[in-house]
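Colleague: This is the structure I have questions about; it appears just below.
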Amino acid sequence: MIKTGRSGLSPGPWHRSGTFKISKDPAFAEKAADVVGLYLAPPGGAVVLSGDEKTRVQALDRTQPVLPVAFAATEKRTHDYVRHGTTNLFAALNVMTGEVLGECKPNRNGANFLAFLKKVVEPHAENAGALPRT
Numbered sequence: 007m008i009k010t011g012r013s014g015l016s017p018g019p020w021h022r023s024g025t026f027k028i029s030k031d032p033a034f035a036e037k038a039a040d041v042v043g044l045y046l047a048p049p050g051g052a053v054v055l056s057g058d059e060k061t062r063v064q065a066l067d068r069t070q071p072v073l074p075v076a077f078a079a080t081e082k083r084t085h086d087y088v089r090h091g092t093t094n095l096f097a098a099l100n101v102m103t104g105e106v107l108g109e110c111k112p113n114r115n116g117a118n119f120l121a122f123l124k125k126v127v128e129p130h131a132e133n134a135g136a137l138p139r140t
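Following this line, the structure appears as structure tokens:
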């Protein structure tokens with residue numbers, strides 16, 4: 007727990023909050039059930055890949071080495087850093103095996119993301135038959 011202020015009181019879990027948004031789509035529950043069903047029980051040997059992108063990830067480097075975790079002490083790091091620009095992360099999760107495939111690109115565009123998706127799907131193309139080429 008973090009001690010704050012002169013009183014030394016610790017903020018409990020009741021001080022934490024989160025947000026969520028409810029879909030206004032009347033067919034949302036059916037669509038969500040279809041997606042969850044695909045993850046839980048893929049049809050006939052299908053490979054389920056979940057892909058996403060995280061743009062403008064900062065490439066940072068601390069000015070001093072991180073101090074490792076010790077008995078009764080957390081990892082420590084300096085507050086200052088050197089910035090090495092940004093990168094764009096593309097990632098895909100093979101839901102069945104847990105394998106994660108990732109790639110960083112200097113810029114974010116449709117061509118890079120499509121090339122990444124093709125690279126991720128390629129090892130599974132033999133089992134799926136002929137994939138359309140574009």
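Per this note's numbering, residue 7 is the first one in the sequence shown, and the count goes up by one each step. Idealized CB from N, CA, C, for every residue including glycine.
Work out the CA separation of Phe96 and Phe122 for me, nearest whole Å.
Modeller: Here the question's residue 122 lines up with position 116 in the sequence shown. Here the question's residue 96 lines up with position 90 in the sequence shown. Phe122 and Phe96: Cα-Cα distance of roughly 7 Å.
Colleague: Pick from Phe26, Ala47, Asn115, Val53: whose alpha carbon is nearest that of Asn94?
Modeller: To locate residue 94, count along the sequence shown from 1; it is residue 88. Checking every option, the nearest Cα to that of Asn94 belongs to Asn115.
Colleague: Which first and last residues belong to the alpha helix (DSSP H) in which Asn100 is found?
Modeller: If you number the sequence shown from 1, residue 100 lands on position 94. No alpha helix (DSSP H) holds Asn100; the beta strand (DSSP E) holding it covers 87–100.
Colleague: Applying the 10 Å Cβ sphere with the 16-neighbour rule, what's the burial state of Ala160?
Modeller: Given a span of 7 to 140 for the chain in the structure shown, any question on residue 160 remains unanswerable.
Colleague: Closest to Leu73 by CA distance: which of His85, Val63, Arg62 is it?
Modeller: Taking the first residue of the sequence shown as position 1, residue 73 is located at position 67. Measuring from the Cα of Leu73, the nearest candidate turns out to be His85.
Colleague: In whole angstroms, what separates the C-alpha of Lys37 from that of Arg89?
Modeller: The sequence position of residue 37 within the sequence shown is 31, counting from 1. The sequence position of residue 89 within the sequence shown is 83, counting from 1. Cα to Cα, Lys37 sits roughly 42 Å from Arg89.
Colleague: From the DSSP output, read off the bridge partner residues of Val53.
Modeller: In the sequence shown, counting from the first residue as 1, residue 53 sits at position 47. Per DSSP, none; premise fails for Val53.
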